[in-house]
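A.B. asks: Numbering (our numbering), first residue to last: 70 to 436.
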């Protein structure tokens, strides 16, 4: 085990153990384990965290959040959804779960975010939605994206799985598109003790539709008003998230402070991904680019430092998505980043002293 892991769930758990266990015990003694008071509280509190102008719908996972949002927007077979290939597979899996076809746009090599200059070349008569991925805590300029697509029938679903606490020109991510999806997988900026997710929209009718879909298409009776799925956040996860949400702003502030340490101490010759213009980066990950990535990673591991690679396999080149028809070289920047990116340890409980030590070791390993 690495002396400094890439992610340390237990470090955060120890600071919240008593409060978290009390919350879990409260649920177990309540007699209500699914879609009860804890879920309702979390939906309201997370809406307030985003600015309070919309409605949140808690679901089983970040993947399901995307699926539910796309279903509510009536995205399905025959439709095309533009996104990127340097993301977690769930972004693309969710599109396929609706029957729609993913279309990949390359990314900006400096930010690893969707290259909006290339977006127009992917728009067709079949394009029904765009999923901008706020990768690593960085922020896609969704306002500019909307200006590019104009007042068309194309909908925007923000993938905010890695961007809790990020903002664009002072406004929270997740509040720009027609809908948005958040993941609370344990490694996220706001992580549950298992799987959990959330859909959000400032369109009240769309939010009602997402709420129907998450539970078989039901309204207030056990009668399906439309086709739906089973994707309900359980009360235990909601209780844990209610505890942790109160600390989220502080967690993001600590991530930004650690990123500042890395920025200050890493040698200037080591390129790192840049915050997008107007973005208040949430630093889910701190990512650098190294030509001899695997060798440097092995050197760091020998010195007790864990790292991650997000992501080593571009989705358009994965065997499971070969049927989409992409070949090597189709997304040049995406493929270059897959060979170079390295994620350094980043979590709120990492000490500044550890970040300083890591920076020193990275400089030695790379230069």
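The beta carbon of each residue, even a glycine, is placed where N, CA and C say it ideally should be. Note that this is a predicted model, so its numbers are computed, not measured.
Could you give the DSSP three-state label for residue 398: helix, strand or coil?
C.D. replies: In this structure, residue 398 counts as coil in the three-state DSSP scheme.
A.B. asks: With 16 other CB atoms within 10 Å as the buried threshold, where does residue 296 fall?
C.D. replies: With fewer than 16 Cβ atoms within 10 Å of its Cβ, residue 296 is classed as exposed.
A.B. asks: Residue 200 and residue 228 - do their beta-carbons sit closer together than 7 Å?
C.D. replies: Contact: yes.
A.B. asks: Between 83, 388, 112 and 432, which has its C-alpha nearest residue 361's C-alpha?
C.D. replies: For the residues 83, 388, 112 and 432, the minimum Cα distance to residue 361 belongs to 432.
A.B. asks: Can you give me the start and stop residues for the alpha helix (DSSP H) that residue 87 sits inside?
C.D. replies: Residue 87 -> alpha helix (DSSP H) spans 78-97.
A.B. asks: Any idea if residue 222 is buried or exposed, counting beta-carbon neighbours within 10 angstroms, 16 or more meaning buried?
C.D. replies: Its Cβ having fewer than 16 others within 10 Å, residue 222 is exposed.
A.B. asks: Just the Cα atoms here: how many angstroms apart are residue 77 and residue 150?
C.D. replies: One C-alpha to the other measures close to 35 Å.
A.B. asks: Have a look at residue 115 and residue 273 and give me their C-alpha separation to the nearest angstrom.
C.D. replies: So the two alpha carbons sit approximately 16 Å from each other.
A.B. asks: Given a cut-off of 7 Å on the beta-carbon distance, is the pair residue 235 and residue 242 in contact?
C.D. replies: Yes; because the gap between Cβ atoms is below 7 Å, this pair is in contact.
A.B. asks: Does the stretch 198-213 come into contact with the stretch 177-189, if we say contact requires no fewer than three beta-carbon pairs (one atom in each stretch) closer than 8 Å?
C.D. replies: With a cut-off of 8 Å, the stretch 177-189 and the stretch 198-213 count as touching, because enough Cβ pairs lie within range.
A.B. asks: Between which residues of its own chain and residue 439 is the CB-CB distance below 6 Å, once the five residues before and five after are set aside?
C.D. replies: This structure cannot speak to residue 439, because the chain is shown only from 70 to 436.
A.B. asks: If you run the structure through DSSP and keep just helix, strand and coil, what is residue 333?
C.D. replies: If DSSP states are grouped into helix, strand and coil, residue 333 belongs with the helices.
A.B. asks: Since residue 375 contacts residue 106 with CB under 8 Å, what's their CB separation in whole angstroms?
C.D. replies: Their Cβ separation, rounded to whole angstroms, is 38 Å, which puts residue 375 and residue 106 out of contact at 8 Å.
A.B. asks: So residue 196 is in the beta strand (DSSP E); what residue range does that whole segment cover?
C.D. replies: Counting along the chain, the beta strand (DSSP E) containing residue 196 begins and ends at 196-199.
A.B. asks: Please give me, in chain order, every unbroken run of the beta strand (DSSP E) with length at least 3 that falls completely inside the stretch 142-215.
C.D. replies: Here the runs fully enclosed are 149-152, 170-173 and 196-199.
A.B. asks: Taking 8 Å as the threshold, find out whether the stretch 399-409 comes into contact with the stretch 380-389 through three or more Cβ pairs.
C.D. replies: At 8 Å Cβ cutoff, the stretches touch.
A.B. asks: Let me check one thing: in DSSP terms, what residues is residue 234 bridge-paired to?
C.D. replies: The partner list for residue 234 (beta bridge, DSSP) is empty, contrary to what the question assumes.
A.B. asks: Does the distance from the C-beta atom of residue 262 to that of residue 309 stay below 7 Å?
C.D. replies: Result yes, Cβ atoms of residue 262 and residue 309 sit closer than 7 Å.
A.B. asks: For residue 102, which residues in the same chain have their Cβ closer than 8 Å to its Cβ, ignoring the five residues on either side in sequence?
C.D. replies: Only 96, 303, 304 and 305 meet the Cβ criterion.
A.B. asks: DSSP has residue 326 in a bridge; who is on the other side?
C.D. replies: Paired residues: none, contrary to the question.
A.B. asks: Between residue 334 and residue 428, what straight-line distance do the alpha-carbon atoms span, to the nearest angstrom?
C.D. replies: Straight-line Cα distance between these residues: approximately 6 Å.
A.B. asks: What is the C-beta distance between residue 352 and residue 371, in whole angstroms, given that I count them as a contact (C-beta under 8 Å)?
C.D. replies: About 26 Å; that fails the 8 Å criterion.
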